[in-house]
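Numbering (the working numbering), first residue to last: 24 to 172.
We treat Cβ as the ideally placed atom computed from N, Cα and C, and that holds for glycine.
Okay, so here's the structure we're looking at.
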């Protein structure tokens, strides 16, 4: 992550989101996907510094290509993937639902509890737990398998 942050800072690019996905392959290896989401409205300086006529997608492609080259120089296997190349955790036909609850507290700001539901199997639950821990986030505290067949 520090390398990616330094790289984005060097080129003046502000990322809306950085998503890291790590998954184990059937061959016993693992793949790590780093997805950067950029917004044109948050990056006017970066766009104007290069050329105001170049669209954000092209600036993004150039920055991604240079980052991949830098990662390769450091010994990583890196490449550029399009949206259709990224593996999905669930089938496109699966539907997810979510609910949120506002918890009011006296003399303190309210906080929110959100629950997201998808149909999964035990393998996916184990992968999600691993991803949460690897991403430095809190451990997956609750997973309620329902409708497993």
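For this session: Output the distance between the C-alpha atoms of residue 99 and residue 123, rounded to the nearest integer angstrom.
Result: Cα to Cα, the separation comes out at about 40 angstroms.
Exercise. Residue 83: which of 35, 133, 149 and 150 sits nearest, CA to CA?
Worked result: Of 35, 133, 149 and 150, the residue nearest in Cα terms is 35.
Exercise. Expressed to the nearest angstrom, what Euclidean distance is found between the alpha-carbon atoms of residue 25 and residue 46?
Worked result: Their backbone Cα atoms lie some 21 angstroms apart in a straight line.
Exercise. In the DSSP assignment, what are the bridge partners of residue 53?
Worked result: Residue 53 is bridged to 47.
Exercise. What do you reckon, are the CB atoms on residue 18 and residue 91 nearer than 8 angstroms?
Worked result: Because the chain spans 24 through 172 in this model, residue 18 falls outside it and cannot be assessed.
Problem set entry | Member of 97, 58 and 125 whose CA lies at the smallest distance from the CA of residue 31 | Cα-wise, what sits closest to residue 31 is 58.
Problem set entry | residue 23 - partner residues in DSSP beta bridges | Residue 23 lies beyond the residue range present for the chain, which begins at 24 and ends at 172; the question has no answer from this structure.
Problem set entry | Three-way DSSP call (helix, strand, coil) for residue 104 in this model | For residue 104, the three-state secondary structure derived from DSSP is coil.
Problem set entry | Under the three-state DSSP convention, the category residue 132 falls into | Residue 132 falls in the strand class under three-state DSSP.
Problem set entry | Given residue 89 as reference, the closest of 44, 153 and 29 once Cα atoms are compared | The closest CA to that of residue 89, considering only 44, 153 and 29, is found on 29.
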